[in-house]
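**Student:**
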Amino acid sequence: MLRPVVRPTTLNLLEQLTPSLVSRARSFSQPAENLKRNGTPTSSITTRGPRKAKGPLVDPDLREQILAASQSRRFLPSASLTKFNTALAQITEATKAHDLLGALKLWQALEDHLRTLKNSDVRRLPDSHVRDLHKIFVSNGLTALRTRDGKALEKTARDFALQAAKHHSAEAVSVLMVLYIQVENPNAALDFYNECIQVLGPLQPPASLIEESKDANANSSLPKGSDFGLALPEEVVSPDHFDPGRVSAVLAGVAAHAMLDNFKSAFDLYHSAGISASSFRRQHFLQYFSQNPKMEKKVRLYIDRVIVASIVARPISFSKHIANLADLQTIHKLQSFYNHVLDGIFGPEPYLAASPSLLSSSPNLLAALDESCWTALQTGFIKCDRVELAAKVWDDLARAQIKPGVAMWTGLLDSHARRRNSAQAVQTWEMMLGEGIQPDHLSYRALIQALMDDGQMEAGLKMFKEYQQTIGGRELEELGRPVYNTMIHGFLRRNQIEYAAHLLEDMRKHGPKPDLITYNTFFGYYGRQKDFKALSGVLNQMSESNITGDVVTFSTILSALLTVGRKDAPSTVMNLMRKHGIQPNVATYTAIIDAQMRECGEPNLNAALALLVKMEKEDGIKPNEVTYTAILAGLYRGEWISRQKADLVRSKLVQRMRAERVSFSLTTYHILMRAALDSADEQGHIDALDLLREMEDAHVPRVTSTWFILLAGLMRRDKWDAAHEVVGKMINSGHLPSRSLQLMMKDVFANYRAGRVVQQMH
DNA sequence: ATAGGGTTAG
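Taking this note's numbering, the leading residue of the first sequence gets 197, the next gets one more, and so forth.
(1) Determine the extent of the alpha helix (DSSP H) in which C796 is found, giving its start and end residues.
(2) Going by beta carbon distance, what residues of the same chain come within less than 6 Å of A519, once the five residues before and after it are set aside?
(3) Could you tell me which of Q725, M738, D523 and K726 sits nearest to I713, measuring between CA atoms?
(4) Report the rounded CA-to-CA distance for S929 versus M891, giving the unit in angstroms.
(5) Go to S861, then tell me how far its alpha helix (DSSP H) extends in each direction, as first and last residue.
(6) Could you give the DSSP three-state label for A293: helix, strand or coil?
(7) Within a Cβ cutoff of 7 Å, which residues of the same chain sit near N716, ignoring the five residues on either side of it in sequence?
(8) The alpha helix (DSSP H) with R615 in it runs from where to where?
(9) Alpha helix (DSSP H) containing C569: first to last residue?
(10) Using the C-alpha atoms, what's the distance from I503 back to S472?
(11) On the three-state DSSP scale, how would you describe L647?
(12) Could you check whether A505 and F463 sit closer than 8 Å to each other, using their CB atoms as the reference points?
(13) Given Y376, which residues of its chain have a CB within under 6 Å of its CB, disregarding the five upstream and five downstream residues?
(14) Once you ignore the five residues that flank S404 on each side, which residues in its own chain have a CB closer than 6 Å to its CB?
(15) Could you pull the start and end residues of the alpha helix (DSSP H) that I753 belongs to?
(16) On the criterion of 16 or more Cβ atoms from any shown chain inside 10 Å, does R870 qualify as buried, or is it exposed?
(17) Check whether the region 630 to 637 touches the region 675 to 687, counting contact only when three or more Cβ pairs, one atom from each stretch, lie closer than 8 Å.
(18) I think G337 touches A360, with their Cβ atoms under 8 Å apart; what is that distance to the nearest whole Å?
(19) Opposite L593 in the DSSP bridges: which residues?
(20) Indicate whether A613 and Q664 have their beta-carbon atoms separated by less than 8 Å.
(21) For N800, I'd like the list of residues in its chain whose CB is within less than 6 Å of its CB, leaving aside the five on either flank, ordered along the chain.
(22) Where are the alpha helix (DSSP H) runs, 4 residues long or more, that stay fully inside the region 645 to 707, in chain order?
(23) Take D843 and list the residues in its own chain whose beta-carbon comes closer than 6 Å to its own, dropping the five residues that flank it on each side.
(24) Can you give the Cα-Cα distance for A366 and C580, rounded to whole angstroms?
(25) Do Y948 and H931 come within 8 Å of each other at the CB atom, strictly closer than that value?
(26) Rounded to the nearest angstrom, how far is the Cβ of R501 from that of Y547, given a contact under 8 Å?
(27) Going straight from the alpha carbon of M627 to that of K516, what length do you get?
(28) Buried or exposed, going by whether 16 or more other CB atoms sit within 10 Å of the CB of S486?
(29) For the region 329 to 394, list the alpha helix (DSSP H) runs that are entirely contained and at least 4 residues long, ordered along the chain.
(30) Out of curiosity, what's the CA-to-CA distance linking Y722 and L465?
(31) Identify whether A445 lies in helix, strand or coil by the three-state DSSP scheme.
(32) Could you check whether M941 and V923 sit closer than 8 Å to each other, using their CB atoms as the reference points?
(33) Secondary structure at K232, three-state DSSP: helix, strand or coil?
(34) What is the DSSP secondary structure of L548, reduced to helix, strand or coil?
(35) Could you have a look at A285 and say whether DSSP puts it in helix, strand or coil?
(36) In whole angstroms, what is the alpha-carbon distance linking T768 and E814?
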């Protein structure tokens, strides 16, 4: 008996553990690799007997399994074997020559031959060949298959695209669909799409990659269980792998409906696929229409609208999407997304409803924004300091004749609290009441935080009492606790330990029961006070209540120990955390890195930089702007290394922050500006001005310190023209200069004028 | 949602 055998040595031990490799071996992937190198069949499909697994290579159980698998393999007669190997070599050759039609013909012949054999179902073209052939299918298909010879191969092309979709990528499917669309037969594209779904099952990514869909809009007009209902055979897609080619196929389906002017069907097809096309995939797909701008325009319009509608139709993913984009680097994307949404509501062809109740007002409306969507937009804009955009959300709500609910108002209150603007918060509160909105726990919490953090303790206390007497019942544990915790935090910020301790006692006796956050707040306070006796007292209370610490607890205690110079703190606390099974996070590492930098020595700098690498490499924790800022600040704290060395490390770190797209905070900008202006580099002030421009572009607010750092530095360098320009920018930004800034401005004007006079004399 | 890590006081 002749049997194909796979050389055991070519199989990596680890890979032997994965079932997919056994099936690959069955499909002759191994000899295919050799063919690729040599161009001719090799001896790796041999006529030798069954291989013997070598002794210590695998454990006995596993070896049994492998043997069993190899013996259950179907065998090819030697004539077929030769034929098979020759065909492989020919396909490889045609593929290399980018001869798509030739390769498809050979592939068809091979398939026909294999089909005549018994049990042929387990045999097919090796994956590496499928991949290579698929590649030229995608790059040449649109032109090659349009020719007369190509048209003759339509059926073969369809079969291959399907097989490739099953085992590698559905991109070829989308190419064929695009071809049908381009020859103005969109219905053929949709037929093929449906045929693919019959075979492949839903074109969905594995559950782990899609958002929870339980939030599906209650008013959604989506048909339940559309034609994506077929289960997927296990071996077709491994659960952790998702083929981006499937996104292209879905987009091709949308494009086909676009050609039929059927927006509703385009949406249904896209939405029920459960995918989310990235802008990269969208761009990639649209390239198929680069020769036909008119078609491209229409397809782009459909795809954009369908993507927006599909996100709106799932409020939770809507909020997540917004939160992801609410970042200085991506705010422009959030803005453009919002503009798309507005166009969907107010544009000439509305397809979105501004509220669920309006959804039924027109059959063209596919999805509705609910209050959480509007709130998410507001929160996102506020997070990026784009107050004017947050205000626009309110205007747009008014335009849609929707009255903002309590969550919208609370978003405003939160933003005032974050800016410690209690006056604005109180004003907002009164407007809210004026609108007849009933405040809830969250809005009371935000108002109290705004008051307490802005030094309005009396008023904060008053509101807290009002809260307790109105909706803040003691029994409302989960709802009321954040309000109480905010109150405690407010007291402790102002070092009002008696009030805080009193409230804690009250909570222990009457509820809401203190929780981990309550205790962490106290840890923070006692840590700042360097009162370790009191700190261990809280620790005892906590364990009495059976509450265990978390990363925040340990990080807080760690930085307390570090500020009192306990060098052993990092190792001790980290070991303790490990013992408790608590993973350190960015804050933990940042605390240690900061402490190293405060030592002001070259070895400490090296230790800090080593930690920066270690946290990411070993623990997979990405440093953030606080981490980098801690190092940058340390570089310029005192004169413990040369300016040149400090500047070198700074530029490397800045480079890395940019590469990693770490956002720069106000603090980061201040430190970098100061460093640039203090640098020995003649051009340092140019760097500082560039940073100012960057802040403007990113809408990072410029505060008194910003202008002070810039003006003081430029004046020190005698750069009066630049200083004059900065003063102009300050005035234009609407900043009201403090007394000391006004004095500096005077100085700048005088020297600038003097400089002009001198220039004119020459 | 509320707690922890980075600037400096002009």
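All residues carry an ideal CB built from backbone N, CA and C; glycine is no exception. Here the structure is a predicted model, which is why all the values come from computation and not from measurement.
**Tutor:** Judging by the given coordinates:
(1) C796 -> no alpha helix (DSSP H), and no H or E assigned at all.
(2) none
(3) M738
(4) 12 Å
(5) Here S861 belongs to no alpha helix (DSSP H), and DSSP marks it neither H nor E.
(6) Coil, per DSSP.
(7) V748, T749 and T752
(8) Looking at the DSSP string, R615 is not in any alpha helix (DSSP H), and its letter there is neither H nor E.
(9) Its alpha helix (DSSP H) spans residues E567 to K579.
(10) 7 Å
(11) helix
(12) It is a contact, given that the beta carbons lie within the stated cut-off.
(13) Cβ within range, chain order: A384 and A385.
(14) Note that S404 scores a pLDDT of 40, beneath 50, so its modelled location is shaky and nothing firm can be said.
(15) In the DSSP assignment, I753 falls within the alpha helix (DSSP H) that extends over V747 to T759.
(16) buried
(17) yes
(18) Taking 8 Å as the upper bound for CB-CB distance, G337 and A360 are not in contact here, some 11 Å apart.
(19) DSSP output for L593 lists no bridge partner at all.
(20) Cβ atoms of A613 and Q664: not closer than 8 Å.
(21) Q792
(22) 653 to 665, 673 to 689 and 693 to 706
(23) The answer, listed in chain order, is S875.
(24) 39 Å
(25) no
(26) 6 Å
(27) 29 Å
(28) exposed
(29) 344 to 348, 350 to 363 and 367 to 378
(30) 58 Å
(31) helix
(32) yes
(33) Note that K232 scores 36 on pLDDT, short of 50, meaning its location in the model is unreliable; the coordinates nonetheless yield the value given after this. The answer is helix: DSSP assigns K232 an H, G or I state.
(34) strand
(35) helix
(36) 19 Å
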